[in-house]
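Residue numbers (the UniProt record's numbering): 1 to 322.
Since the structure comes first, as structure tokens, the remarks are kept for the end.
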């Protein structure tokens with residue numbers, strides 16, 4: 001940290017500097033030479049006069065309460081009295097520095113969230129099909145993700161994934177998937193490739209996912225699951241829902257991940273739906289009761305995500321039109 005040389009006489013200056021041996025003295029005229037994110041300590045009158053942009057702890061005399069209030073309005077991080085420093089100034093500086101960095105991270109989150117949303121796939125025109133999606137992070141950033149793209153004019157590939165945990169690391173892994181899945185050609189290849197990369201990097205996270213391909217001409221859907229819950233759901237008019245349960249491991253747990261591929265036919269006006277486990281949150285009861293209510297609302301197209309959720313929600317639905 002840096003102490004900006006006061007322009008007025010401060011009788012307590014030497015005492016303060018002796019208490020803060022790790023702080024380096026700089027001149028007001030040299031401020032522009034320093035990283036604008038450094039934390040500075042400065043006399044409150046200098047801060048009010050020059051109004052620099054450095055994050056600053058201001059120092060004032062006991063009778064300068066009004067000046068301190070003005071400094072706080074301008075964005076000063078904290079205010080100390082010249083002859084009454086905190087009991088442990090070094091420790092206090094570390095706490096202020098940590099809080100400042102947390103606040104800076106928080107200010108960046110809305111921009112990071114907007115960038116993450118831009119990585120989601122753009123809508124694509126499909127013959128006789130429509131892709132419907134829902135993406136609602138619990139905070140700014142999401143650990144749930146989906147993607148889809150054309151393999152050819154008659155075939156698409158898709159997946160929905162759920163990274164364990166919340167926060168920045170989980171959201172970074174979703175961006176990593178978007179960038180490095182390698183445009184795989186089959187569900188098995190996609191899952192194997194992502195699993196291998198996750199194990200190789202030794203990241204202490206696991207990912208569950210369902211991936212599949214759909215032939216737009218034959219209407220054959222091939223899909224695989226990697227430990228994902230809830231299971232995929234097939235909805236057809238005048239038929240009870242089909243719950244497509246599987247038994248498998250998430251990505252990132254073992255190099256020898258066994259990936260089984262399943263196949264089904266999408267009849268007219270049917271829907272193949274995959275959801276993250278956050279989609280269960282709006283409903284009461286245990287997992288089975290929550291899942292039953294989720295299926296009911298998906299079947300009746302009445303699912304509504306709450307405005308505020310404790311878990312990320314992602315839903316991907318492939319709808320055959322005719």
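Quick reminder that beta carbons are idealized off the backbone N, C-alpha and C, glycines included.
| Item | Value |
| --- | --- |
| Any 3 or more C-beta pairs closer than 8 Å across the segment 205 to 223 and the segment 154 to 164 | yes |
| CA-to-CA distance, residue 60 to residue 44, given in whole angstroms | 6 Å |
| C-beta atoms of residue 275 and residue 313 nearer than 9 Å | yes |
| Endpoints, beta strand (DSSP E) assigned at residue 24 | 24 to 26 |
| Residue 15 Cβ short of 8 Å to the ligand NAD heavy atom set | Of the ligands one can find in the structure shown there are none, so the ligand NAD has no counterpart to examine. |
| Pairwise C-alpha distance: residue 37 and residue 244 | 53 Å |
| Exposed unless 16 or more other CB atoms sit within 10 angstroms - verdict on residue 82 | buried |
| Nearest residue (CA-CA) to residue 147, options 118, 23, 17 and 297 | 118 |
| Residue 164 and residue 205 closer than 9 Å at C-beta | yes |
| Alpha helix (DSSP H) segment containing residue 72, residue limits | 65 to 73 |
| Segments of 3+ residues assigned as beta strand (DSSP E) that fall wholly inside the segment 173 to 218 | 207 to 215 |
| Validate contact between the segment 270 to 290 and the segment 228 to 241 using beta carbons, cut 8 Å, 3 pairs | yes |
| CA-to-CA distance, residue 298 to residue 272, given in whole angstroms | 11 Å |
| Coil, strand or helix - residue 49 by DSSP | helix |
| Delimiting residues of the alpha helix (DSSP H) encompassing residue 133 | Element bounds for residue 133: not the alpha helix (DSSP H) but the beta strand (DSSP E), 129 to 136. |
| Pair within 9 Å by beta-carbon distance, residue 269 and residue 321 | yes |
| Residue 124, buried or exposed, once every other Cβ within 10 Å from all chains shown has been counted against 16 | exposed |
| Segment limits, beta strand (DSSP E) that includes residue 284 | No beta strand (DSSP E) contains residue 284, which DSSP labels as neither H nor E. |
| Spatial distance of residue 149 from residue 186 (CA atoms) | 12 Å |
| Residue 163, enclosing beta strand (DSSP E) - first and last residue | 155 to 163 |
| Nearest-angstrom Cα separation, counted from residue 176 out to residue 143 | 11 Å |
| Residues near residue 199 by beta carbon distance below 7 Å, same chain, minus five either side | 252 and 255 |
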